[in-house]
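Report on the following structure.
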Amino acid sequence: MSKTPKITDIKVVPVAGYDSMLMTLSGAHAPYFTRNIVILTDDSGNTGVGEIHGGEMTRQELLDYRPLLLGQEIGNYRAVINSLFEFNRKKRMGKTDGEGIQSLDISKLKFVVQAEAAVETAMLDLLGKYMDLPMCALMGSGQQRDEVRMLGYLFYISDQNKAKDLGYRDESGSDVAWFRQRHVETLTPEAVVREAEVLQERYGFRDFKLKGGVLPCKDELEAIKALKKRFPEGRINIDPNGAWHLQEAIEGCMDAKWALSYAEDPVGPEAGFSSREMHAEFKMATGIPVATNMFATNWRQFYHSLVEKSVDIVLADPHFWTESGSLRIAQNLNDWGLTWGIHSNNHFDITLATFVQCAAAAPGNITAIDTHWIWQDGQYLTKNPPIIKDGVIKVPKAPGLGIELDMDALAKANELYETAAAAYHDRDDAVAMQYLIPNWKFDSKKPCLVR
Ligand code: GKR
Ligand code: MG
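Heads up: the sequence shown begins at 0 in our numbering, then just goes up one per residue.
Dropping the structure here:
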C-alpha cells in the first residue's frame with residue numbers, strides 16, 4: 000500500500016510586522032501586529048507553511064501540538080486536525096465564557112482563533128507538493144476559479160504624530176503613493192474617498208469596505224454615500240463591528256440604502272437580545288443584506304443565525320473555522336442561496352496565499368475577499384507574495400500554497416517580535432487610544448472617538 004510522507008519536524012516562529020494607526024471600535028492599532036508561523040517538514044524533504052494570529056496563547060497551543068504531529072502521515076491530515084482540535088477543546092475548557100467576539104472584545108479573539116488551522120494549511124501545502132497539485136484542488140469543491148476578487152479595506156486613520164513615542168513607521172519618503180497614504184490622517188468623507196482612490200490606483204479594487212465604529216453612525220454613513228458617488232459600480236459595505244443601536248442603524252442605513260450593497264455587523268447584542276436577534280430585526284426593517292464575522296464564528300452560532308434568518312453573507316475566516324470548516328460552510332451557503340466570504344485581521348503574505356486557495360475552492364457566487372494585506376504590503380515573508388492587480392489575485396499554478404518562504408525575512412520578523420514589538424505580543428488597541436483620549440476604555444456600544 001502506498002504511503003504519503005511523514006512529518007519529521009514542526010517549528011513555530013512568532014513574528015511581528017508594522018502597522019498604521021488604524022481606528023476601530025476596539026481603539027487604535029498599535030505600531031506592530033503579531034502572527035505565528037508554522038513550518039512543517041516531511042521525510043520527503045518538503046516544507047509546508049501556515050500562518051495564524053499572534054499572541055502567546057496561540058503560540059503555546061501550536062507548540063503543544065508537537066507530539067501529536069511528529070510521525071503523522073500528511074495524507075491523513077483530516078484525522079490529525081481533528082485530534083488537534085479535540086486536544087485544544089479540552090485544554091480551553093473553563094477558560095472562556097463562550098461569548099466569542101459578538102461584542103468585539105478582542106481579548107476574546109484568541110478563543111475564536113483555532114490554532115490547528117495553521118497546521119492544516121501547512122499539511123495541505125505539503126500534500127499539494129507531494130501530489131503536484133495546488134492546494135485548492137485538494138479542498139472544498141476543488142478549484143472553482145482562476146482568479147479571486149479582493150476588496151479594498153478602508154480604515155479611518157489617526158494622526159500618528161499624536162502618539163509619536165509609540166514609534167509608528169514613517170513612510171512619508173516612499174516612492175509608492177499608497178505607502179505614504181496609509182499614514183495620513185483620515186477622518187472625513189473626503190479623506191476616505193481619497194484613501195480609496197489611492198488604493199484603487201495601486202490595486203485596481205472595484206469593491207470597498209469601510210471599517211466603522213469610530214465616528215457617530217450618521218457621519219460614517221456620509222462617507223459611504225461619498226464612496227458610492229465616487230465608485231458607482233462598486234459594492235460598498237460598512238462594518239462598525241456592532242457599535243450601532245438598532246434604531247439608529249435602521250434609520251441611518253435606510254437613508255444610505257442606495258449606497259450600501261450590504262452591511263457588516265451593523266448592530267450587536269442589545270437590551271437583552273443577542274446579535275443574531277438584533278440582525279434579524281435589522282434585516283426585516285431594512286431589507287439590507289447582512290454579513291458577519293462576529294456572531295456566526297462556529298457551527299453552533301451558525302445554526303442559530305440560520306434559524307433567526309439573521310445573516311446573508313458569512314465571512315468564514317479559515318483561521319476561525321479551519322480551511323475545511325470554512326469550505327464546508329461555503330458549500331452549504333451556496334446550496335442554500337446564501338453567500339460566502341472571508342474576514343481578516345492584520346496578516347502577512349502566507350495568510351493572503353491561504354485566502355486565495357480557500358476562495359478558489361469555494362463554489363458559487365462568493366463575495367470579494369476581505370484582507371488587511373494592503374496595510375502590510377511591502378513586508379514579505381515569502382519570495383513570491385501574491386499580487387493584487389485589477390482587484391484580483393491570480394490563483395498560482397504551483398503546487399501547495401504556491402509560495403516560497405523567505406527564511407531571512409522570517410528571521411527579521413521574528414527579531415522584531417522579540418525586540419521592538421515585545422510589548423505588543425497580545426493585541427490591545429486601548430494603549431494607543433490613550434494618546435487620543437486619556438483614560439479611554441473600550442465600550443462595545445460607543446464608536447471609539449465618541450466619549
Ligand atoms: O483588525 O482592527 C481590526 C479589525 O477591525 C478586526 O478587529 C475585525 O475583526 O476586520 C475585522 C472585521 O471585519 O470585523
Ligand atoms: Mg467585520
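In this text, a Cβ means the ideal position worked out from N, Cα and C, and glycines have one as well. All values reported here derive from a predicted model rather than from experimental measurement.
Does the ligand GKR have a heavy atom nearer than 7 Å to the CB of residue i?
{"i": "Ile436", "result": "no"}
{"i": "Thr23", "result": "yes"}
{"i": "Asn297", "result": "no"}
{"i": "Asp427", "result": "no"}
{"i": "Asp104", "result": "no"}
{"i": "Asp376", "result": "no"}
{"i": "Asp369", "result": "yes"}
{"i": "Asn345", "result": "yes"}
{"i": "His28", "result": "yes"}
{"i": "Lys210", "result": "yes"}
Among the candidates the options, whose CA atom is the shortest distance from the CA of residue i?
{"i": "Glu60", "options": "Ala408, His342, Tyr302 and Val12", "result": "Val12"}
{"i": "Leu198", "options": "Glu269, Asp428 and Gln375", "result": "Gln375"}
{"i": "Trp243", "options": "Pro446, Gly363 and Ala27", "result": "Pro446"}
{"i": "His371", "options": "Leu209, Gln71 and Gly127", "result": "Leu209"}
{"i": "Arg205", "options": "Ala195, Leu415, Trp257 and Tyr416", "result": "Ala195"}
{"i": "Ile51", "options": "Ile365, His318 and Ile328", "result": "His318"}
{"i": "Val112", "options": "His182, Lys393, Asn45 and Met293", "result": "Met293"}
{"i": "Ile156", "options": "Ala27, Thr296, Val147 and Phe354", "result": "Ala27"}
{"i": "Thr33", "options": "Val289, Tyr416, Ser260 and Gly286", "result": "Tyr416"}
{"i": "Leu332", "options": "Asn75, Glu250, Thr3 and Tyr302", "result": "Tyr302"}
{"i": "Gly16", "options": "Glu85, Tyr167 and Gln71", "result": "Tyr167"}
{"i": "Tyr261", "options": "Asn236, Met283, Lys308 and Gly251", "result": "Asn236"}
{"i": "Met22", "options": "Phe154, Ile223 and Val449", "result": "Phe154"}
{"i": "Leu326", "options": "Asp348, Met406, Gln378 and Gly363", "result": "Gly363"}
{"i": "Lys94", "options": "Asn383, Met56, Leu126 and Glu72", "result": "Met56"}
{"i": "Leu125", "options": "Tyr434, Gln142, Gly401 and Asp425", "result": "Gly401"}
{"i": "Asp96", "options": "Phe86, Leu305 and Lys109", "result": "Lys109"}
{"i": "Gly54", "options": "Phe230, Val355, Ala270 and Ile36", "result": "Ile36"}
{"i": "Ile349", "options": "Gly399, Asp389, Ala190 and Gly251", "result": "Gly399"}
Using only the heavy atoms of the ligand MG, determine whether one of them is closer than 7 Å to the beta carbon of residue i.
{"i": "Asn240", "result": "yes"}
{"i": "Asp264", "result": "yes"}
{"i": "His342", "result": "yes"}
{"i": "Asn292", "result": "yes"}
On the three-state DSSP scale, how would you describe residue i?
{"i": "Val355", "result": "helix"}
{"i": "Trp243", "result": "strand"}
{"i": "Tyr416", "result": "helix"}
{"i": "Arg205", "result": "coil"}
{"i": "Asp264", "result": "coil"}
{"i": "His278", "result": "helix"}
{"i": "Tyr434", "result": "coil"}
{"i": "Pro490", "result": "This structure leaves residue 490 out entirely; the chain is present only between 0 and 450."}
{"i": "Asn236", "result": "strand"}
{"i": "His424", "result": "coil"}
{"i": "Leu337", "result": "coil"}
{"i": "Val449", "result": "coil"}
{"i": "Met22", "result": "strand"}
{"i": "Lys90", "result": "helix"}
{"i": "Leu62", "result": "helix"}
{"i": "Gly251", "result": "helix"}
{"i": "Leu83", "result": "helix"}
{"i": "Val192", "result": "helix"}
{"i": "Leu68", "result": "helix"}
{"i": "Val213", "result": "coil"}
{"i": "Lys440", "result": "coil"}
{"i": "Gln199", "result": "helix"}
{"i": "Lys256", "result": "coil"}
What residues match up with residue i in a beta bridge as DSSP calls it?
{"i": "Ala3", "result": "With the sequence shown as reference, residue 3 is identified as Thr, and Ala is not the correct amino acid for it. None, per the DSSP bridge assignment."}
{"i": "Lys10", "result": "Ile38"}
{"i": "Val48", "result": "Ile38"}
{"i": "Phe272", "result": "Glu269"}
{"i": "Phe32", "result": "Gly16"}
{"i": "Ala27", "result": "Met22"}
{"i": "Leu314", "result": "Gly340"}
Complete beta strand (DSSP E) runs within the segment 359-405 (minimum length 3 residues, chain order): 391-393
Alpha helix (DSSP H) runs wholly inside the segment 145-190, at least 4 long, in chain order: 176-180
Whole runs of the beta strand (DSSP E) within the segment 280-311, excluding any shorter than 3 residues: 289-291
Every unbroken beta strand (DSSP E) inside the segment 88-127 [3 residues or more]: none
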